[in-house]
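K.L.:
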Amino acid sequence: MKPANYPLEPAHLWSHFYQFTRIPRPSGQEAAVRQYLVDLADKAGYSHRQDEAGNLVIRVPGSAGREDRPTVIIQNHLDMVTVKTADRAHDFTTDPLQLRIEDGWLSADRTTLGADNGLGCAAAIALMTDPDVVHPPLELLFTVDEETGLGGALYLDASLLSGTLMLNLDTEDWNELYIGCAGGGGWHFARSFSEDPVAAELACWRLTLRGLAGGHSGVQIHEQLSNAIKLLGECLRDVPGLRLASVDAGVAHNVIPREGVVEFAVPAGTGELLAEKLEALRQQWLAYVPGADAGIELSLETAVLERALDEVDSLRVLDLIAAWPHGAQAYSLQQPADLVDLSINLAVLRLQCGDLFLESSYRFFDEAQSRPLQHAVLALARAFDLEVTPEFGYPGWQPDFSSPLLERGCVLHEKLFGHRPAVKAIHAGLECGILKSKLPNVDVLSFGPTIRGAHSPSERLQINTVEPFWQFLTELLAEI
């Protein structure tokens, strides 16, 4: 149900966003929400086209007297990250989100909210449905499959678009204008190990780690949020006679792993000694992990296992976890200290029936700066006999501080709110980089209301930033 204190203004935007929270939209399953947009366009009598990738463009004529102004592309992605806490029963393919409001923030009950990028989508549709908005001709671009590799933008048919200006509504800090974003790439790694029967004299255990914040592997990587894969490896390091049976940690290439489970066998009595060690280890972590990870929990319970890796291969997996790079690798020398130039995320690790799968992704502003990191990762893969499958490469968006659209935005922001906005680049893979490579003559600006905890169950939207965001968007369009 809609919360009793659900925001009312701007009415069209909030109404459309609520509908977005009712329609499941995981990456690759955007058909239902796309149909919602098509139905709105048909009702209004506006033309629309869809390419083979599933991207949708709705053409909205300019307001009276503005039909001949430059066409502006309003760009957002339809899909959302689907992450929940372990104790939350929620099916992202069928269930609507359960919204809640607390202390001025809108969130969902122990799941991602999808304000990334549903709020921007709602704003775009509100431009079409709100008769009070004055605007030039618009091309409302809704891409698909952004969260799992920017697939919609990569395969966009750029001939659908004619605009010379583009507003991307997919950044997460109000009072900031973005003019650059990171590029990136990644890999899948695999290897098979042989398994042996677990001897009767061995004790079998299941170690569960939960309570970390998790989060976006781009915009939050500088926060040094803990990685569940790394911590689980640390828990089991130096456990004598360890034989790994399974590992399950991480959900996607762009999410910092927040929880995980490891099953293993050890000599009798070893598990009890490990249980005594875990609380001391947790207290050690609390001395240096960020406050967002203060809820970390470790639990150890008995398990029933039939087969496991031998001790040598088990140690090899733990060595792999320990050696794999994760986190910020270089910081910008020009921008504020929290802007990361180069990073890597140890995103997913699974071991099942002897089959190991690892996923890792990296981000950069200058692709050349990332090459030594890429070489180091591929060297690790060779050293550990991993099969490598490259995944999802995409270009960055190089900042243009001379952009006329940027200057117009800065002047308007100061006029409306009494101060110039911060001008930044973002260490995340906005679709702007890809779209700019397809539409090189388009002037691009990105902004949005404040969102925290994107890509995690703590995702939340600061309600009082939405109205000024909407005012800025509509008045910027009225000036074009």
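Heads up, the sequence shown is in our numbering, so the first residue is 5 and it goes up one at a time.
Glycine included, each C-beta is placed from N, C-alpha and C at the ideal position.
1. What residue range does the beta strand (DSSP E) around Y182 cover?
2. Hey, out of A334, T97, L235, C436, whose CA is closest to Y292's CA?
3. By the 10 Å Cβ neighbour count, where 16 or more other Cβ atoms means buried, how is Q333 classified, buried or exposed?
4. Kindly indicate which three-state DSSP category D91 falls into: helix, strand or coil?
5. Which term fits A249, buried or exposed, when burial requires 16 or more other beta carbons within 10 angstroms of its beta carbon?
6. For F369, I'd like the list of residues in its chain whose CB is within less than 6 Å of its CB, leaving aside the five on either flank, ordered along the chain.
7. Which stretch, first to last residue, makes up the alpha helix (DSSP H) that contains E371?
8. Relative to the alpha-carbon of D297, which residue among T478, K6, H94, E263 has its alpha-carbon at the smallest distance?
9. Look up A203 in the DSSP assignment and give the residues it is bridged to.
10. G222 and G433 - do their beta-carbons sit closer together than 8 Å?
11. What is the rounded straight-line gap between the Cα of A385 and the Cα of L173?
12. Could you check how far apart the C-beta atoms of G153 and E395 are, in whole angstroms? I think they sit under 8 Å.
13. Can you list, in chain order, the stretches of the beta strand (DSSP E) that have 3 or more residues and sit fully within the stretch 189-271?
14. Closest to L304 by CA distance: which of R311, L211, S336 is it?
15. In angstroms with no decimal places, state the Cα-to-Cα distance between S441 and Q402.
16. Leaving out five residues before and five after L131 in sequence, what residues of the same chain have Cβ atoms less than 8 Å from its Cβ?
17. Go through its chain and collect everything with a Cβ distance to G397's Cβ below 6 Å, but skip five positions before and after it.
18. Need the endpoints of the beta strand (DSSP E) that F21 sits in, please.
19. What's the C-alpha gap between L360 and V321?
20. Look at the Cβ atom of P14, then the Cβ atom of T97, and state whether they are nearer than 8 Å.
21. Give the secondary structure of P408 by DSSP, where H, G and I count as helix, E and B as strand, and everything else as coil.
22. Using 8 Å as the cut-off, can you tell me whether the stretch 267-284 makes contact with the stretch 230-247, which would need three or more C-beta pairs spanning the two stretches below that distance?
23. Short of 6 Å in beta carbon distance, which residues of its chain neighbour N179, apart from the five on each side in sequence? Order them along the chain.
24. Once the 5 residues before and after R286 are set aside, which same chain residues still bring their CB inside 7 Å of it?
25. Helix, strand or coil for E305 per DSSP?
26. Just curious, the beta strand (DSSP E) that M170 is in, first and last residue?
27. Flag this pair as touching only if the stretch 111-128 and the stretch 84-97 have three or more C-beta atom pairs under 8 Å; answer yes or no.
28. According to DSSP, simplified to helix, strand and coil, what is K6?
29. Take G108 and list the residues in its own chain whose beta-carbon comes closer than 8 Å to its own, dropping the five residues that flank it on each side.
P.N.:
Taking the geometry as given:
1. 180-185
2. L235
3. buried
4. coil
5. buried
6. A186, D345, G400
7. 371-387
8. E263
9. DSSP, once it has assigned bridges, lists no residue as partnering A203.
10. yes
11. 38 Å
12. 7 Å
13. 206-214, 247-253, 264-271
14. L211
15. 10 Å
16. V64, I78, V137, H139, L142, L144, L477, T478, L481
17. G189
18. Note, F21: premise wrong, no beta strand (DSSP E); alpha helix (DSSP H) at 15-26.
19. 9 Å
20. no
21. helix
22. yes
23. P425
24. I300, L302
25. strand
26. 169-172
27. yes
28. coil
29. Q466, I467, N468
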